[in-house]
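Notes follow once the structure below has been shown.
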Amino acid sequence: AAQAGQGPAQFFLGNRYKNGQGVKQDQSQAFAWFKKAADQGIPSAQLNVGQMYANGVGVKQNLKAAKNYLMKAAKLGDNRASYNLAVLEERDKNLVGAYQWYELSTRDGMLDYRVKDMSEKKIIQLAANFSSIDMRLARERADRWIQSDD
């Protein structure tokens, strides 16, 4: 089924290679299968591709591509992707952007409640050092993201 181009089967095979289940563990193969599934719009595959690009696992590190795939998954409501985007923004010292993505990861449709709890803690930490203007800006960005169609 994966060879026939079925996205869910490609995602499944990517997980097998990622974790070495029934096949020799191979992060490059995992990335290749996840990417095929991601390009068909499978949010969990988009999340994996984004994480692998961000960390240089199975593929050369590419933060621009990482953000692109994570944004696709976030747009489809995967709060784990929003959380990963927040972490990348925080690493880049873009705290308003980090706050925006942490905020979104508490609101997105496919909620992983562990991620929601971690995000709420990060929001509190960031808010302690924010002006009311920065906080309002971050929340407005989050609202615009939810309302946008792209």
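Going by my numbering, the final residue of the sequence shown carries number 778, and the count climbs one at a time with no gaps.
All residues carry an ideal CB built from backbone N, CA and C; glycine is no exception.
Practice task
Figure out for me which residue from Trp729, Leu723, Met680 has the closest Cα to the Cα of Arg666.
Solution key: Mapped onto the sequence shown, residue 666 falls at position 38. First, the residue type needs correcting, since residue 666 is Ala and not Arg in the sequence shown. The residue with the shortest Cα to Cα distance from Ala666 is Met680.
Handout entry: Other residues of its chain near Gln657: CB distance less than 7 Å, five sequence neighbours each side excluded
Key = For this step, residue 657 is matched to residue 29 along the sequence shown. Contacts found: Tyr645.
Handout entry: Endpoints, alpha helix (DSSP H) assigned at Val677
Key = Counting from one through the sequence shown, the residue named residue 677 turns up at place 49. From DSSP, the alpha helix (DSSP H) with Val677 extends over 671–683.
Exercise for the section: Can you tell me the Cβ-Cβ gap for Asn707 and Leu739, rounded? I've got them flagged as a contact below 8 Å. Expected result: As a first step, residue 707 is located in the sequence shown; it is residue number 79 there, counting from the start. As a first step, residue 739 is located in the sequence shown; it is residue number 111 there, counting from the start. Confirmed, about 5 Å.
Exercise for the section: Specify, as a first and last residue, the run of the alpha helix (DSSP H) that Leu698 falls within. Expected result: Taking the first residue of the sequence shown as position 1, residue 698 is located at position 70. Per DSSP, Leu698 belongs to the alpha helix (DSSP H) from 691–703.
Problem - Own chain, CB closer than 6 Å to Gln653, minus 5 neighbours either side, in chain order - result: Numbered from its first residue, the sequence shown carries residue 653 at position 25. Excluding residues within five positions, none has a Cβ falling inside 6 Å.
Problem - Cβ-Cβ distance between Ala714 and Gly678 below 8 Å - result: Looking up residue 714 in the sequence shown gives position 86. Looking up residue 678 in the sequence shown gives position 50. Contact: no.
Practice task
State the DSSP-derived secondary structure class of Asp740, mapped to helix, strand or coil.
Solution key: As a first step, residue 740 must be located in the sequence shown, where it is residue number 112. Of the three classes helix, strand and coil, the one that applies to Asp740 here is coil, per DSSP.
Exercise for the section: If I'm right that Leu641 touches Pro671 with Cβ under 8 Å, what's the distance once you round it to whole angstroms? Expected result: Numbered from its first residue, the sequence shown carries residue 641 at position 13. Numbered from its first residue, the sequence shown carries residue 671 at position 43. In fact, because the Cβ distance is near 17 Å, the residues do not count as touching under 8 Å.
Exercise for the section: Could you check the C-alpha separation between Trp661 and Gln638 for me, to the nearest Å? Expected result: Residue numbering aside, residue 661 sits at position 33 when the sequence shown is read from its first letter. Residue numbering aside, residue 638 sits at position 10 when the sequence shown is read from its first letter. Cα-Cα distance, rounded: 5 Å.
Problem - CB contact flag (Met763, Ala755, <8 Å) - result: Position 135 of the sequence shown holds residue 763. Position 127 of the sequence shown holds residue 755. Yes.
Exercise for the section: Can you grab the Cα-Cα spacing for the pair Gly684 / Glu748, in whole Å? Expected result: Locating residue 684 in the sequence shown gives position 56, where the first residue counts as 1. Locating residue 748 in the sequence shown gives position 120, where the first residue counts as 1. Roughly 28 Å separates the two Cα atoms.
Problem - Burial state of Ser710 (16 or more Cβ within 10 Å) - result: Indexing the sequence shown from 1 puts residue 710 at position 82. Burial check for Ser710: the Cβ neighbour count within 10 Å reaches 16 or more, so the residue is buried.
Handout entry: For Asp762, the three-state DSSP class (helix, strand or coil)
Key = Within the sequence shown, numbered from 1, the residue matching residue 762 stands at position 134. In the three-state scheme derived from DSSP, where H, G and I count as helix and E and B as strand, Asp762 is classed as helix.
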